[in-house]
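These notes concern the structure reproduced below.
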Amino acid sequence: MAGQARLSRLKKRTEFLAVAGRGRKYARGSLLVQALAGTEGPIRLGFTATKKLGNAVVRNRAKRRMRAAARLEFSAAAPAGYDIVLVAREAIRKNSFSQLRADFRAALDRLGVPL
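Just so you know, we're using my numbering here: the sequence shown kicks off at 1 and counts up by one.
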């Protein structure tokens with residue numbers, strides 16, 4: 001997409017475990033958001049969906065929707081110094097995209113991550 005900055009990604013299991021172990025968590029509707037403040041560099045995002053959610057098609061669709069929501073929320077300026085993990089929950093399968101974005105914004109607000 002032209003004009004949009006790419007957000008850095010969490011890719012290694014140890015990075016996900018660090019956020020889960022030391023970060024703050026908040027579950028809201030279609031997703032669980034884990035945030036770890038005080039990291040170096042730009043914001044980094046990770047996306048995950050467990051096998052309980054469904055087969056690979058369902059899990060990949062959930063991750064695509066979470067990536068799109070994050071891209072829209074952080075389109076202008078992403079705050080530096082945060083690692084954030086989004087975990088898909090069962091409700092993501094039936095909730096609308098606008099509801100997913102609202103859940104994500106509410107979770108970020110509750111965790112104190114500036115938008």
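Yeah, the Cβ is synthetic: ideal placement off N, Cα and C, and Gly gets one too.
- Taking C-alpha positions only, Y26 is separated from F97 by approximately 19 angstroms.
- If one requires a minimum length of 4 residues, no alpha helix (DSSP H) run lies completely within the stretch 18-48.
- L45 and I84 do touch by the CB rule: their CB atoms are close to 5 angstroms apart, below 8 angstroms.
- Per DSSP, L53 lies in no beta strand (DSSP E) segment and is marked neither H nor E.
- Taking all protein chains shown into account, A69 has 16 or more neighbouring C-beta atoms within 10 Å of its C-beta and is therefore buried.
- When secondary structure is reduced to three states using DSSP, A77 falls in the coil class, being assigned neither helix nor strand.
- Here A68 is not bridged, per DSSP, to any residue.
- Boundaries for L86: no alpha helix (DSSP H) harbours it, while the beta strand (DSSP E) harbouring it runs Y82 to A88, taken from the DSSP string.
- Between A80 and A56, the alpha-carbon positions lie close to 32 angstroms from each other.
- Look at S98 here: in three-state DSSP terms it is helix.
- Of the other Cβ atoms in all chains shown, 16 or more fall within 10 Å of the Cβ of D103; this residue is therefore buried.
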